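Trainee:
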Amino acid sequence: MSDHAARPATLEFARVAPGAMPGLRSGSAYRARGLEPGVHHGLPSTTLTMIVSLDGPVFGAWEEGALGSPAGFRADLVLAGMHTAPILIEQPTRQEGIQLQVDPLAARALFGVRAADLVGGFDGTEVLGRSGRDLWEQVGESSGWPERAERIARTFRSWCAAPSSGAGHVRAEVAEAWRLVLASEGRIQMDALAGHVALSPRQLRTEFTGEFGLGVKSAARLARFEAALATIAGTVHADRTPDLAGIAADAGYADHAHLTREFRRFTGAAPSAWIREERRNLQAGGHGTAQD
1 MSDHAARPAT LEFARVAPGA MPGLRSGSAY RARGLEPGVH HGLPSTTLTM IVSLDGPVFG
61 AWEEGALGSP AGFRADLVLA GMHTAPILIE QPTRQEGIQL QVDPLAARAL FGVRAADLVG
121 GFDGTEVLGR SGRDLWEQVG ESSGWPERAE RIARTFRSWC AAPSSGAGHV RAEVAEAWRL
181 VLASEGRIQM DALAGHVALS PRQLRTEFTG EFGLGVKSAA RLARFEAALA TIAGTVHADR
241 TPDLAGIAAD AGYADHAHLT REFRRFTGAA PSAWIREERR NLQAGGHGTA QD
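Note that full-length UniProt numbering gives residue 125 to position 125 of the sequence shown, counting from 1, and the numbers run on in steps of one.
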């Protein structure tokens, strides 16, 4: 009998508080053993993703069939920009590490590049160089999740305090537009947004896309999806059945069918199918179901 067959799967998450380090929106340490090998769908979000993998590299791809091929990616330290389609991640039988969701407004200070420069990226050492490799090694040498999170926090603080790398600052009007998109959960209209930040709609589109790597409308759709997803995830984590029609209405979708179309766009599956696939993760506290 194989080791996988002999032992039940275990899945653990420990939350990393947003205030623990600069730029952090949410984060979790994770450990899994005895999982069924397969493919996990990394969902789009309004954050940048950093993964410090401590149990072998993360394998990813944008297209079916590309995992493990030259068209795929692999990295011990993942640093990825925002995207509007799910990224395919190989799910091995065991995995351990820390995943951080970083606000795009912090990209310049932390990583020395715009959030837009991370779109399509995967290997964090290609952006961070030796400092990224040092971070991965130091986290791996730390014992226990609190110590590992503190190691990352100290590194983030040192990166923010370092002399400017020439990345500059996010234009104030663009930063404010980003905050308003998130605060409104994607419900603010382009003309109203442009008027609020005193830019023409054309200026706003150009500056916003140049900074974040996606347009205002795409960001708004992501923010609305994210709000609906958080409600669904929290409901399943509480062992209740989500009222998808009610969630659609609360999130500002036209109807249940509209939510389903957007869910398919961002996850590759209808809400009910995604819940079935991710139920184990959701019940264990994955997908940000535990409130930070």
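C-beta atoms are modelled at their ideal positions from N, C-alpha and C, and glycine is treated no differently.
The structure displayed is predicted, hence computed values, not measured ones.
Assess, as a yes-or-no matter, whether the segment 193-212 is touched by the segment 177-185 under the definition of 3 or more beta carbon pairs within less than 8 Å.
Mentor: Contact between the segment 177-185 and the segment 193-212 is present, because at least three Cβ pairs lie under 8 Å.
Trainee: Is it buried or exposed for Ala9, if we count other Cβ within 10 angstroms and need 16 for buried?
Mentor: For the purposes of this step, residue 9 is taken as the residue at position 9 of the sequence shown. Label assigned to Ala9: exposed.
Trainee: Just tell me which of Ala270, Glu185, Arg279 has its CA closest to the CA of Arg224.
Mentor: Locating residue 224 in the sequence shown gives position 224, where the first residue counts as 1. Arg224 has its Cα closest to that of Glu185, out of Ala270, Glu185, Arg279.
Trainee: Return the CA-CA distance between Gly246 and Asp76, expressed in angstroms with no decimal places.
Mentor: As a first step, residue 246 is located in the sequence shown; it is residue number 246 there, counting from the start. As a first step, residue 76 is located in the sequence shown; it is residue number 76 there, counting from the start. Near 40 Å, if we compare the C-alpha coordinates of Asp76 and Gly246.
Trainee: Rounded to whole angstroms, what is the Cα-Cα separation between Ser143 and Leu54?
Mentor: Sequence index remark: in the sequence shown, residue 143 carries index 143 (1-based). Sequence index remark: in the sequence shown, residue 54 carries index 54 (1-based). Computed Cα separation, rounded: 12 Å.
Trainee: Am I right that Gly121 and Gly81 are in contact with their C-beta atoms under 8 Å? What's the rounded C-beta distance?
Mentor: Along the sequence shown, one-based indexing puts residue 121 at 121. Along the sequence shown, one-based indexing puts residue 81 at 81. At roughly 6 Å, the Cβ-Cβ gap stays under 8 Å, so Gly121 and Gly81 are in contact.
Trainee: On the criterion of 16 or more Cβ atoms from any shown chain inside 10 Å, does Glu226 qualify as buried, or is it exposed?
Mentor: Counting from one through the sequence shown, the residue named residue 226 turns up at place 226. Looking at its Cβ environment, which holds 16 or more other Cβ atoms inside 10 Å, Glu226 is buried.
Trainee: For Glu96, collect the residues of the same chain with a Cβ closer than 6 Å to its Cβ; drop the 5 residues on either side in sequence, then sort them by chain order.
Mentor: Counted from its first residue, the sequence shown places residue 96 at position 96. Around Glu96: Arg31, Leu54, Asp55.
Trainee: Check Ser131 in the structure and name its three-state DSSP category.
Mentor: For the purposes of this step, residue 131 is taken as the residue at position 131 of the sequence shown. The answer is helix: DSSP assigns Ser131 an H, G or I state.
Trainee: On the criterion of 16 or more Cβ atoms from any shown chain inside 10 Å, does Ser45 qualify as buried, or is it exposed?
Mentor: Counting from 1 along the sequence shown, the entry for residue 45 is found at position 45. Ser45 should be labelled buried.
Trainee: Does DSSP classify Thr289 as helix, strand or coil?
Mentor: To locate residue 289, count along the sequence shown from 1; it is residue 289. Confidence in Thr289 is poor, its pLDDT being 40 and thus under 50, which makes the residue's placement too unreliable to answer from.
Trainee: What is the DSSP secondary structure of Glu96, reduced to helix, strand or coil?
Mentor: Counting from 1 along the sequence shown, the entry for residue 96 is found at position 96. In this structure, Glu96 counts as strand in the three-state DSSP scheme.
Trainee: For the candidate residues Pro146, Ala116, Trp145, Phe156, whose alpha-carbon lies nearest to that of Leu135?
Mentor: By 1-based counting over the sequence shown, the position of residue 135 is 135. Measuring from the Cα of Leu135, the nearest candidate turns out to be Phe156.
Trainee: Roughly how many angstroms separate the alpha carbons of Met190 and Pro201, rounded to a whole number?
Mentor: As a working note, residue 190 is residue 190 in the sequence shown. As a working note, residue 201 is residue 201 in the sequence shown. Each residue's Cα considered, the two are about 7 Å apart.
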